[in-house]
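Numbering follows my numbering, in which position 41 of the sequence shown is assigned residue number 88; successive positions increment by one, without gaps.
Where is the CB? At the ideal position from N, CA and C, for every residue including glycine.
Please read these numbers as outputs of a predicted model, since none were measured by experiment.
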Amino acid sequence: MNVHKWAASEPRGAIVLVHGTGEHHGRYEHVAAFLNQQGWDVYAGDLPGWGRSPGIRGHIDSFDDYLQRVREWTAFALQDSAGKRPVFLLGHSLGGLIATRFVQEEKLARELTGLILTSPCLALKLAVPAWKARVASLLDRVWPTLAIANGISPDMVSRDVAVQAAYKSDPLNYPKVSVRWFQELHKAMNMAFAQSGQLAVPVLVLQAGDDSLVDADAVERFAEGIQGNKTFRRLPGLRHEVLNEPEREDVLRQIGNWLDEIAKTNVTY
């Protein structure tokens with residue numbers, strides 16, 4: 048199975064981590080190390096089309112390709128926990144959208160204890176011109192695997208120059224997406240907003256305040272539509288990858304504190 052486990056020495060629960068567009072789970076080793084120290088096992092893997100996953104790079108036939116992969120990882124984590132320990136889902140950017148749709152749609156999500164979203168891709172910062180959308184729709188029918196640049200540059204992800212350099216040189220990062228991917232992304236974002244009230248677990252949303260990829264205002268509106276236990280924080284000055292910014296330790300502490308608070312109840316929804 049395409050799943051990697053970073054194990055805590057004395058686990059009290061688990062986190063299933065879902066990475067973002069064009070990257071791979073290996074970029075979250077420092078996140079896993081922090082969570083391991085807090086007593087959380089971390090499960091992750093490469094989404095279809097990214098990292099070391101097989102298939103056409105940057106391409107999916109359907110958004111359900113992503114949900115199926117997360118379904119496998121989550122089932123594995125729940126099996127390991129044997130229903131005795133809390134299991135959370137953490138998604139960044141595209142991974143945040145996938146995690147959101149998973150909790151909205153999947154029966155398995157009822158066994159989760161909570162959801163963490165960092166700069167979730169619920170709306171793009173730059174609106175796509177109508178003519179481009181029409182061209183993409185046409186190409187989706189005749190050449191769905193056509194690859195186009197994803198428009199993400201290293202300076203967009205972080206202010207940390209070391210992170211920027213590593214992002215640029217990482218051979219497992221891939222800078223393109225397919226036309227079908229583009230179409231499926233927009234469908235999923237629209238469905239996520241339409242079902243914003245259907246997140247029946249506690250939710251933490253940490254949104255970059257200086258995000259040039261995701262529309263921070265739209266993410267805040269989405270959070271306002273969540274019913275039940277929710278926490279939304281906009282992080283001023285931080286760029287898209289809040290877990291890779293100079294303030295990453297503070298961001299991780301916020302996640303750790305929230306996990307502690309929710310885990311105290313140890314309620315599985």
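Rounded to whole angstroms, the gap between the alpha carbons of W53 and V89 is 5 Å. V261 is bridged by DSSP to L171.
The C-alpha of L141 lies about 19 Å from the C-alpha of I302. Q274 counts as exposed, since fewer than 16 other C-beta atoms from the protein chains shown sit within 10 angstroms of its C-beta. In the structure shown, the three-state DSSP call for F110 is coil. Cβ-Cβ distances below 7 Å link P201 to Q211, Y214, K215 in the same chain, with the five nearest sequence neighbours on each side left out; the list follows chain order. Judged by their CB atoms, D262 and G284 are not nearer to each other than the 8 Å cut-off. Note that the C-beta distance between L125 and V134 is below 8 Å.
In the three-state reduction of the DSSP assignment, T160 falls in the coil class, being assigned neither a helical nor a strand state. For L253, the enclosing beta strand (DSSP E) stretches over residues 250-255. Per DSSP, the continuous beta strand (DSSP E) segment holding A61 begins and ends at 60-65. Secondary structure remark: continuous beta strand (DSSP E) runs of at least 3 residues inside the stretch 190-253, in chain order: 194-196, 223-225. Counting only residues of its own chain and dropping the five nearest sequence neighbours on each side, S225 has a CB closer than 6 Å to the CB of G105, H106, T192, A194.
Secondary structure note for K277: its beta strand (DSSP E) is the uninterrupted segment 277-282. Within the same chain, T68, G69, P222, K223, V224 come within 7 Å of N197 by CB-CB distance, once the 5 residues on both sides are set aside. About 7 Å separates the beta carbon of L64 from that of V78, a gap short enough to meet the 8 Å contact definition. The alpha-carbon of R300 is positioned some 10 Å away from that of L306. Taking a contact to require three or more Cβ pairs closer than 8 Å, the stretch 148-164 and the stretch 107-116 qualify as touching. Between L253 and T165, the gap from beta carbon to beta carbon is short of 8 Å. Spatial neighbours of R74 in its own chain (CB-CB distance under 6 Å, excluding positions within 5 residues in sequence) are not present.
In the three-state scheme derived from DSSP, where H, G and I count as helix and E and B as strand, L155 is classed as helix. Judged by beta-carbon spacing, L260 lies within the 8 Å limit of H287, meaning their Cβ atoms are closer than that value. Distances from the CA of G272 to each of R59, E292, N291, Q242 were compared; the closest alpha carbon is that of Q242. P249 counts as buried, since no fewer than 16 other beta carbons sit within 10 angstroms of its beta carbon.
Where W87 is concerned, the enclosing beta strand (DSSP E) starts and stops at 87-91.
With a 10 Å radius around the Cβ and a threshold of 16 neighbouring Cβ atoms, G244 comes out exposed.
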